[in-house]
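This report concerns only the one structure given below.
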Amino acid sequence: MRYTFGILRWRQGELQQQDKKMRKLLTMHGFLHPKSSVHRLCLHRSMGGRGLTSVAETHSHECTTLAKYVQNSKDPLTSIFCDTHSPAQKFLMKYLDGPKSAEVEETSNKQLAELH
């Protein structure tokens, strides 16, 4: 899946479905209790979570690193891609801004509040 991130367009719903499938498989094979917290599963271990990364987080990270690579690349073909204004180029370049730090902090605060 990671290979396709940044190349194929994944909808948010598809990413959430993949997360559900992952949790279902973990539960079926005994690695996750059926009544355990979903939020703790993707929370970092230092914060009391299980330390797995969600599919949506991985998608965002891969798209961001691909956009940074394309922007900083010295390859002539990559520079041609950067100069065009295609939908694919616009899609990738929106990941250069990254998530706002306030949004990330707010999300982690919500997750911590839900754990207790």
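Numbering follows the numbering used here, with no gaps: position 71 of the sequence shown is 111.
From the three backbone atoms N, C-alpha and C, an ideal C-beta is built for every residue, glycine too.
Beta-carbon proximity list for residue i, same chain, < 7 Å, skipping 5 on both sides
i	result
T93	C82
Closest residue to residue i among the options (Cα-Cα distance)
i	options	result
I47	A96, L106, P74 and P116	L106
Cross-strand partners of residue i (DSSP beta bridge)
i	result
L65	L65 is not bridged to any residue.
L48	F45
Same chain, Cβ closer than 8 Å to residue i, neighbours up to 5 away in sequence not counted
i	result
E97	C82
Spatial distance of residue i from residue j (CA atoms)
i	j	result
T67	Y43	26 Å
G91	Q52	21 Å
E54	M41	12 Å
H99	L72	23 Å
Y135	H101	9 Å
Integer-rounded CB distance, given that residue j should sit under 8 Å from residue i
i	j	result
R49	F131	7 Å
T118	V110	6 Å
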